[in-house]
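Asker: Handing you this structure, nothing more for now.
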Amino acid sequence: MTLSILVAILFFLPLLHGQDTQSLGDAARRIRTERNKAATPKTAPADANTATKTAPPANAPAPAVPRADSQTAATGQFAPYATRQEYDLHSLDRYSAGIRALFEQEKFENLDQLATTARSTHARLPGGFWTIHLFYSPLMEPAKGTDNVQENDWTIHLDRLQRWKSQRPDSITARVALAGAQLQFAWRARGGGFANTVSEDGWRVFQERAELAARTLVDASSLPAKCPEWYLTMQAVARALGQGKEMQTAIFEKAVAFEPDYQYFYRFQAETLMPKWEGEAGEMAAFAARIADRIGGTKGDMIYYQIATFLNCACDNDRGLNGLSWPRIRRGYSAVEEQYGESVENLNAMAYMAGMAGDPVYAEELFARIGEGWDENLWHNKENFQMVREWASVAARGKAVEAALKAADDNLQTDDGRKFDEQVARTFAADYSAVVRECLRISGDSFIIPFNLLVQVAKDGAIEKVFAAPLTATGSCLSDRLGKGMLPAPPKPDYWVKVSPQAQP
């Protein structure tokens, strides 16, 4: 990066909010060091698009996001999607598609009005997604994405952004979108491979285009209107140009001072501290914990969760949740959902992380809520989604059976428990032998393979849950048939008892 651009960045960042700046002598000394580092950029990850994580494109007509209610798909409300979950999952796509349509029609005044409203109201969609962040995603690259377009598509896209900037010279939105697109265009020249696979010409063009993005941002900093995406794009530009931790941390701190609740600043900074960028092993996780503690309370937990969803994305080596705390992630997710509502995208992210954390019981709850609304952007294909869902179902049942068996054995250690066990054995033999015989016939077994039924009994004796252990065909049948049965009232509510079924004549 050129000396003049870095001086401008260091000068304008504090100026935006009237904060004290360092002396130009200090800045110049720092810049010389940073420029020397930038001469040989660090290795970049295989995914060149991590700077701006966008939803996949869709062909929806308007930027407004319809609000889905509890009506079923049969009403046609969710067409062309089969379920409410699938409809909700694509709400972000529909918003982005509406913005792209306005852009391609060159309705620049409308776009500026939408962006101004999104910024001034701090609007969020269900799940806590900032509308202004989603607004920029379709503007920063041609419709087909960075990897599937020709050079001419990029020329058309960038020329349109330049027209927006020229026609509306006071638009901060046009300049931020242009800078973001210029940076994505730089990544196109570099490619998504490791640094040692990039040609000398690729590095040269990458550097030129990234510097152009930096100049666009510096120009935008003199406008009266300010935008959180200016800072996020500056974070991405600084990283692309090989600026070190000190520079990137300075930009991050200015960003969160401007908008403390903008989770995208924290996510980007956390990613920068991973080993594939500027960090050491464990540094990112330490940052996430430290920044969440600094924010404190529920808000800190929410930021922690939002960092986790960005970095545990099935797009890298996510084993061990990158060192993040699963209990804190869960706590943060609960807070986000309570404050901003349910999002199928967030449910998918949590189900994925529950798998990485080895928490099948919680994962099964999440999969039940997801239904068929699986997120292709996360799971890549339905087979991966089904594999983790089936694991959760089997493993969750195993843990539930283990807990039920322990509870039933513990109950047998008391006098009341032993008396109740005898009552249940007599009642089961008297009232359910016919059911046992019917299940034996349906299963095709010639005799009962030994198994236990673990039965949870409500305060009034109603059967609440039934597990067969080990699971056999006859046991599975009995589990289904006993769901609405009755047993004697237990010593206490939600009481587990073990039954060994016998087929009485």
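Quick note on this note's numbering: the sequence shown kicks off at 1 and runs consecutively.
Don't be surprised by glycine CBs; every beta carbon is placed ideally from N, CA and C.
1) Determine, using beta carbons only, whether A210 and V237 come nearer to each other than 8 Å.
2) Considering only C-alpha positions, which residue in the set F103, R481, K245, P228 is nearest to H122?
3) Please go through the same chain and pick out, in chain order, the residues whose beta-carbon is closer than 8 Å to the beta-carbon of V336, but skip the five residues on each side of it.
4) Taking the DSSP output, what are the residues bridged to V457?
5) Pull the bridge partners of R124 from the DSSP assignment, please.
6) Between G323, A469, D375, P470, which has its C-alpha nearest H90's C-alpha?
7) With distance defined between alpha-carbon atoms, name the residue in P470, V497, N452, P450 nearest to A462.
8) Nearest-angstrom Cα distance between S70 and S334?
9) Span of the alpha helix (DSSP H) holding Q207?
10) On the three-state DSSP scale, how would you describe N452?
11) What number of angstroms, rounded off, separates the C-alpha of L454 from the C-alpha of G444?
12) If you run the structure through DSSP and keep just helix, strand and coil, what is M486?
13) With a threshold of 16 other CB atoms inside 10 Å of the CB of V394, please say whether the residue is buried or exposed.
14) Candidates V436, A349, F252, D460: which alpha carbon is nearest F268's?
15) Check each candidate in L440, L324, N322, I370 and name the one with the smallest Cα separation from V344.
16) Straight-line CA distance for V457 to M486?
17) Where does A469 sit, in a helix, a strand or coil, going by DSSP?
18) What's the C-alpha gap between Q413 and L478?
19) Which same chain residues, not among the five before or five after K399, have their C-beta less than 8 Å away from its C-beta?
20) Flag this pair as yes or no: are the beta carbons of G180 and R190 separated by less than 8 Å?
21) CA-CA distance, R290 and Q263?
22) Given 8 Å as the limit, is there contact between the stretch 146-155 and the stretch 88-108, that is, 3 or more CB pairs closer than that?
23) Given this structure, state the Cα-to-Cα distance separating Y136 from L183, to the nearest angstrom.
24) So is N381 buried or exposed if we call it buried at 16+ other beta carbons inside 10 Å?
25) In chain order, what residues of the same chain have a beta carbon less than 7 Å from the beta carbon of V424, not counting five sequence neighbours either side?
26) On a CA-only basis, which of A469, A468, K459, K484 is nearest D494? Give me that one, please.
27) Looking at L232: is its Cβ nearer than 8 Å to the Cβ of F185?
28) Between the Cα of I172 and the Cα atoms of F108, G373, P138, which residue gives the shortest distance?
29) Along the chain, where does the alpha helix (DSSP H) containing C439 start, and where does it finish?
30) What is the rounded straight-line gap between the Cα of Y95 and the Cα of M350?
31) What span of residues does the alpha helix (DSSP H) with A186 cover, start to end?
32) Could you pull out every residue in the same chain whose Cβ sits closer than 7 Å to the Cβ of D421, ignoring the five residues on either side in sequence?
33) If you drop the 5 nearest sequence neighbours on each side, which residues of the same chain put their C-beta closer than 7 Å to that of Y340?
Answerer: Reading from the atomic positions:
1) As a working note, residue 210 is residue 210 in the sequence shown. As a working note, residue 237 is residue 237 in the sequence shown. Yes, they are a contact pair.
2) Residue mapping note: residue 122 aligns to position 122 of the sequence shown, counting from 1. With distances taken between Cα atoms, H122 lies closest to P228.
3) Along the sequence shown, one-based indexing puts residue 336 at 336. Taken in chain order, the residues that qualify are G127, G128, M302, Y305, Q306, N346.
4) Residue mapping note: residue 457 aligns to position 457 of the sequence shown, counting from 1. I463, Y495, per the DSSP bridge assignment.
5) Residue 124 sits at position 124 when you count from the first residue of the sequence shown. Answer by DSSP bridge pairing, in chain order: W130.
6) Taking the sequence shown and counting its residues from 1, one reaches residue 90 at position 90. Selected option, being the one with the closest Cα: D375.
7) Translated into the one-based positions of the sequence shown, residue 462 becomes position 462. Looking at the Cα atoms, V497 is the closest of the given residues.
8) Numbered from its first residue, the sequence shown carries residue 70 at position 70. Numbered from its first residue, the sequence shown carries residue 334 at position 334. Low confidence applies to S70: its pLDDT is 35, below 50, so where it sits in the model is not reliable, and the reading given next is rough at best. Going by the C-alpha atoms only, they are around 21 Å apart.
9) Against the sequence shown, residue 207 aligns to sequence position 207. Taken as a continuous stretch (DSSP letters only), the alpha helix (DSSP H) holding Q207 covers 200-220.
10) Start at 1 with the first residue of the sequence shown, and residue 452 comes out as number 452. Strand, per DSSP.
11) Against the sequence shown, residue 454 aligns to sequence position 454. Against the sequence shown, residue 444 aligns to sequence position 444. Between L454 and G444, the C-alpha separation is close to 22 Å.
12) The residue labelled residue 486 in the question sits at position 486 within the sequence shown. M486 falls in the strand class under three-state DSSP.
13) Counting from one through the sequence shown, the residue named residue 394 turns up at place 394. Around the beta carbon of V394, a 10 Å sphere encloses fewer than 16 other beta carbons of the protein chains shown; the residue is thus reported as exposed.
14) Within the sequence shown, numbered from 1, the residue matching residue 268 stands at position 268. Put simply, of V436, A349, F252, D460 the residue whose alpha carbon is nearest the alpha carbon of F268 is F252.
15) As a working mapping, residue 344 is identified with position 344 in the sequence shown. Ranking L440, L324, N322, I370 by Cα distance to V344 puts I370 first.
16) Stepping through the sequence shown from its first residue, residue 457 is reached at position 457. Stepping through the sequence shown from its first residue, residue 486 is reached at position 486. The straight-line gap from Cα to Cα measures roughly 8 Å.
17) Here residue 469 corresponds to residue number 469 of the sequence shown, with the count starting at 1. Three-state result, A469: strand.
18) For the purposes of this step, residue 413 is identified with residue 413 of the sequence shown, where counting begins at 1. For the purposes of this step, residue 478 is identified with residue 478 of the sequence shown, where counting begins at 1. The straight-line gap from Cα to Cα measures roughly 26 Å.
19) Here residue 399 refers to the residue found at position 399 of the sequence shown. So the qualifying residues of the chain are P360, V361.
20) Stepping through the sequence shown from its first residue, residue 180 is reached at position 180. Stepping through the sequence shown from its first residue, residue 190 is reached at position 190. Cβ distance not < 8 Å, so G180 and R190 don't count as in contact.
21) Sequence index remark: in the sequence shown, residue 290 carries index 290 (1-based). Sequence index remark: in the sequence shown, residue 263 carries index 263 (1-based). If I take the Cα positions, the gap works out to 15 Å.
22) no
23) Your numbering for residue 136 matches position 136 in the sequence shown. Your numbering for residue 183 matches position 183 in the sequence shown. Roughly 13 Å separates the two Cα atoms.
24) Position 381 of the sequence shown, counting from 1, holds the residue named residue 381. Here N381 is exposed. Its C-beta has fewer than 16 other C-beta atoms within 10 Å.
25) The residue given as residue 424 occupies position 424 in the sequence shown. Taken in chain order, the residues that qualify are L487, P488, V497, V499.
26) In the sequence shown, the residue the question calls residue 494 occupies position 494. For the residues A469, A468, K459, K484, the minimum Cα distance to D494 belongs to K459.
27) Walking along the sequence shown from the start, residue 232 turns up at place 232. Walking along the sequence shown from the start, residue 185 turns up at place 185. No, the pair does not count as a contact, with Cβ atoms beyond the cut-off.
28) To locate residue 172, count along the sequence shown from 1; it is residue 172. The shortest Cα separation from I172 among F108, G373, P138 belongs to F108.
29) Working through the sequence shown from its first residue, we reach residue 439 at position 439. In this chain, the alpha helix (DSSP H) harbouring C439 covers 433-443.
30) Your numbering for residue 95 matches position 95 in the sequence shown. Your numbering for residue 350 matches position 350 in the sequence shown. When rounded, the distance between both Cα atoms is 23 Å.
31) By one-based count along the sequence shown, residue 186 stands at place 186. Residues 172-190.
32) Along the sequence shown, one-based indexing puts residue 421 at 421. Once the five neighbours on either side are set aside, the close Cβ partners of D421 are L412, V497.
33) Walking along the sequence shown from the start, residue 340 turns up at place 340. These residues qualify, in order along the chain: R124, P126, G127, G128.
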